[in-house]
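Beneath this line is the structure, given in structure tokens, with notes to follow.
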Amino acid sequence: TTATDTTCTYTFSDGTTVNNVALAGNGSNSVFAPNYVSNFNGSVTVTCGQPIVGIYNLTIFGGAGDPFATNNGVNQ
1094 TTATDTTCTY
1104 TFSDGTTVNN
1114 VALAGNGSNS
1124 VFAPNYVSNF
1134 NGSVTVTCGQ
1144 PIVGIYNLTI
1154 FGGAGDPFAT
1164 NNGVNQ
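With this note's numbering as the guide, the letters of the sequence shown map in order to residues 1094 to 1169.
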């Protein structure tokens, strides 16, 4: 992450978009996808104006294995 404040856009696999989410320099945000998309089970793309590090859970559903992963600067 960077010391510079920025904003991020979340684009969910169903087309739902959440724009201009503030991210403070050296800060963090927590996002629970089902709060934005009902019955969410898919992917989300996060696009920010500064470099970020992402930590995410792969699923909230039990019995799906290890639901933790970390990525730094994954690009499409």
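Even glycine gets a Cβ: it sits at the ideal position worked out from N, Cα and C. Keep in mind it's a predicted model, so treat the numbers as computed, not measured.
Since residue 1112 is in the beta strand (DSSP E), which residue starts that stretch and which ends it?
Here residue 1112 refers to the residue found at position 19 of the sequence shown. Annotation for residue 1112: the continuous beta strand (DSSP E) segment containing it runs 1110–1116.
Enclosing beta strand (DSSP E) for residue 1103 [first to last residue]
Here residue 1103 refers to the residue found at position 10 of the sequence shown. First-last of the beta strand (DSSP E) with residue 1103: 1099–1105.
Under 6 Å Cβ to Cβ from residue 1105, same chain only, skipping five residues before and after it: list those, please.
Start at 1 with the first residue of the sequence shown, and residue 1105 comes out as number 12. Closer than 6 Å at the Cβ level, and outside the excluded window around residue 1105, lie 1130 and 1137.
Over what stretch of residues does the beta strand (DSSP E) that includes residue 1067 continue unbroken?
It is not possible to answer for residue 1067, since the shown part of the chain is limited to 1094 through 1169.
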